[in-house]
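Residue numbers (my numbering), protein chains in the order written: chain P, 24 to 284; chain X, 16 to 289. Quick reminder that beta carbons are idealized off the backbone N, C-alpha and C, glycines included. Working notes, beginning with the structure itself.
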Amino acid sequence: MPLAIHLAAVTKVYRVPHRRPFLARALLRGVLPRPAGEAPAAALREIDLAVERGESVGIVGANGSGKTTLLSLVAGTMHPTRGTVRVEGRVGPLLELGAGFHPDLTGYENLQLNAALLGLTRAEIRARLASIVDFAEIDEHLHAPVRTYSTGMIARAGFAVLAHVDPEILLVDEVLAVGDARFRAKCERTMEGFRARGITQLLVSHNLPLLERLCGRTIWLDGGRIRADGPPAAVLARYREEQGAAGESRIRPDRCPPPLA
Amino acid sequence: MLSSPPSARPLAVLLSPAIRRHSFVFASLVAKSYKTTYRNMALGVLWSLVNPLVLVAVLSAVWLVFFAASRQFPAFVAVALIPFNFSGQCLRACAQSVVGNASLVKKVAFPRQLLPFAAVATSLADLALQIPLVVAVLLVFPPPGRVLAAPLLWLPAIFALHLLLVAGTGLLVAGANVLYRDVRYLLESVLVVLFWASPILYDAHDRLAARPGLALAYYLNPCAGLLESYRRVLYEGAPPHPVPLAMAFGTSLLLAALGLGVFGRLERDFADLL
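As structure tokens, this is what we get:
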């Protein structure tokens, strides 16, 4: 199978805002105390990753292990500090909660704008809008500003657009955690449909059973490196084991605050 | 992937799919910024008329009373002030265009240049509303020159130069403001300097005729030659002075090249810095 995503020796070091050479700080050098924590953190270190077309890859890892950075690089919103990222095919957005929704625009206006940014033409949007709205289940709120929406509604609207843009590569960042059980089931069915249609998927989630159901391969990121890469069952078993161990060692009943009287 | 049948859109097939797609993204961004600018306001888009009207009225009143300006002074000011205001509004909108769309920049890959360009296009809508205002002032305070004359044919070229200037400088300002958020405040000071360093409240060309060195420095400000050309065409009914216009064109081209280059370099780090 041809490759859809190919990362070669990719390192990403963030340009941390507070480390920018502030003019004010430069002028006051020697007057102000040196800021602590000088070393910039690498979010990803020397990542090599090849994903074939049609593969469905789950990504797990602790907070801050580089999952979102990896998706951002594939989405093309970020560029690697070193190494190369090659992506073949129409990439969907980095889907997150409320992806790019403007609070003052109505749901309808936001859906239109997002669909345009994700590459639909005017005619395609016109043809699919009814279906997008139907999928999102926000009927009576369609023309209300998005700031009046609940978290679940925003997530539904975001997923609804995604389900209709025909990406060749789908990036999902922990979006299936919200919404009620019925909507989650609907999303899951949609993603299974994507997989059946041979769409390449990268799924970040802390919902391990979900990854096991939806993915044919799982990557475990740890401190910006790939710790394990293989069939979900094997990788997730190791991940669960370590997470469990880490959790147990950290939770000490004798250190818990006493119950309120 | 779906695509519309070619026969249904004869014009669109002439464009490459990339341009067609980006033109639609661009239109959507313009619609978005226009809606978000004027939503939740009582007067909405009418504000783009109120502010310049007040400014022209106040400046005219002061100049007529205290500086013994001629009767045509409101027209004299308006033909330069309205274009200047357009530049200021464009640059302010450009400065915020990338920073204000952080959520889009971080999630979707699209040419970031579209953001400042959409800001300019949104300001164009305001300018369109202000054109009747300029026409009204010209009618009420008729200028000395014959305005509806052949030199008016220069107007599209002058306006194209104006767009080149604001788009180029807008790229520069938009990119720089991501790196240093102070740029937005610096811009306000720059606009004040430009206001007084451009022929808006006074006429510069004839007074600088005897001092070529100073004239050269003065017309390095592209706004100077640009606004003067507007006034020549709209107020004096004469073609623009060639040297100031050429200098405005040259400096605008340089600024546009600089803007494209700087924005292109900074663009890679936008998602990191937002």
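Query, Result
"For P/Gly253, three-class secondary structure by DSSP", "strand"
"Beta-bridge pairing of P/His29 - partner residues as DSSP gives them", "P/Ala73 and P/Arg109"
"Contacts that P/Arg145 makes with chain X (C-beta to C-beta distance below 7 Å)", "Phe39"
"For X/Gln87, the three-state DSSP class (helix, strand or coil)", "coil"
"With 16 other Cβ atoms within 10 Å as the buried cut-off, status of X/Leu270", "buried"
"Close beta carbons around P/Ala167, own chain, < 7 Å, minus the five adjacent residues each side", "Thr129 and Gly130"
"For P/Ile82, three-class secondary structure by DSSP", "strand"
"Assumed close pair X/Ala133, X/Ser112 - CB separation to whole angstroms, cut-off 8 Å", "7 Å"
"Sufficient close CB pairs (3 or more, under 8 Å) joining the stretch 237-251 of chain X to the stretch 154-174 of chain X", "yes"
"Which of helix, strand or coil DSSP assigns to X/Ala272", "helix"
"C-alpha distance - X/Tyr217 paired with X/Ala46, whole-angstrom precision", "37 Å"
"Cross-strand partners of P/Trp243 (DSSP beta bridge)", "P/Val83 and P/Ala251"
"Local conformation of P/Asp127 per DSSP, three classes", "coil"
"Same chain, Cβ closer than 7 Å to X/Cys105, neighbours up to 5 away in sequence not counted", "Ala134, Val135, Ser138, Val181 and Gly185"
"Pairwise C-alpha distance: X/Pro98 and P/His87", "In the sequence on display, residue 87 of chain P carries Gly and not His. Approximately 49 Å between the Cα atoms of the pair."
"Whole alpha helix (DSSP H) elements within the stretch 152-237 of chain X, 4-residue minimum", "170-194, 198-211, 220-223 and 227-233"
"N- and C-terminal bounds of the beta strand (DSSP E) containing P/Leu226", "Thr223 to Val227"
"Where P/Ser95 meets chain X, residues with beta-carbon distance less than 9 Å", "Lys121, Lys122 and Ala286"
"Coarse secondary structure for X/Pro147, derived from DSSP in three states", "helix"
"Cutoff 6 Å; reference P/His29; Cβ partners in own chain excluding five residues on either side", "Ala73 and Arg109"
"Exposure label - P/Glu215; buried when at least 16 CB within 10 Å", "exposed"
"Where X/Phe283 falls: helix, strand or coil (DSSP)", "As written in the sequence, residue 283 of chain X is Arg, which differs from the Phe given in the question. X/Arg283: coil per DSSP, three-state reduction."
"The beta strand (DSSP E) enclosing X/Leu249, as first and last residue numbers", "Neither: X/Leu249 is in no beta strand (DSSP E) and is coded neither H nor E."
"P/Asp196, enclosing alpha helix (DSSP H) - first and last residue", "It is not in any alpha helix (DSSP H) - P/Asp196 instead sits in the beta strand (DSSP E) that spans Ile192 to Asp196."
"Whether P/Ala159 touches P/Leu134 by CB criterion (9 Å)", "yes"
"Helix, strand or coil at P/Leu67 according to DSSP, with G and I counted as helix", "strand"
"Length of the line joining the Cα atoms of P/Asp189 and P/Gly115", "8 Å"
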